[in-house]
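Numbering (this note's numbering), first residue to last: 43 to 84. A short write-up of the structure that comes next.
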Amino acid sequence: MESFVVNLLNGLSWGMLLFLISVGLTTVFGVLGVLNFAHGSL
């Protein structure tokens with residue numbers, strides 16, 4: 043049961059990280075109309 047909780051938290055944290063990256067890129071693209079790949083330097 044403990045490994046299930048660890049895997050669940052790991053998956054949630056990875057999903058939230060991908061969500062934040064995608065929202066950032068989508069917002070910048072929506073405002074500027076140009077993809078800004080400077081996010082990679084963060």
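No residue lacks a Cβ here, since even glycine has one placed at the ideal position from N, Cα and C. As the structure is a prediction and not an experimental result, all values here were calculated from the model.
Next item on the list: Taking only the alpha-carbon atoms, compute the straight-line gap between residue 73 and residue 46 and give it to the nearest angstrom.
Entry: Indexing the sequence shown from 1 puts residue 73 at position 31. Indexing the sequence shown from 1 puts residue 46 at position 4. If you take the alpha carbons of residue 73 and residue 46, they lie about 40 Å apart.
Note to self: For the alpha helix (DSSP H) containing residue 73, name the first residue and the last one.
What the structure shows: To locate residue 73, count along the sequence shown from 1; it is residue 31. Segment 44-74, the alpha helix (DSSP H) holding residue 73.
Notebook entry, point to check: With residue 71 and residue 62 assumed to form a contact (beta carbons below 8 Å), what rounded beta-carbon distance in angstroms separates them?
Noted result: On the sequence shown, residue 71 is found 29 positions in, with the first residue counted as 1. On the sequence shown, residue 62 is found 20 positions in, with the first residue counted as 1. With a Cβ gap of about 15 Å, residue 71 and residue 62 do not count as contacting.
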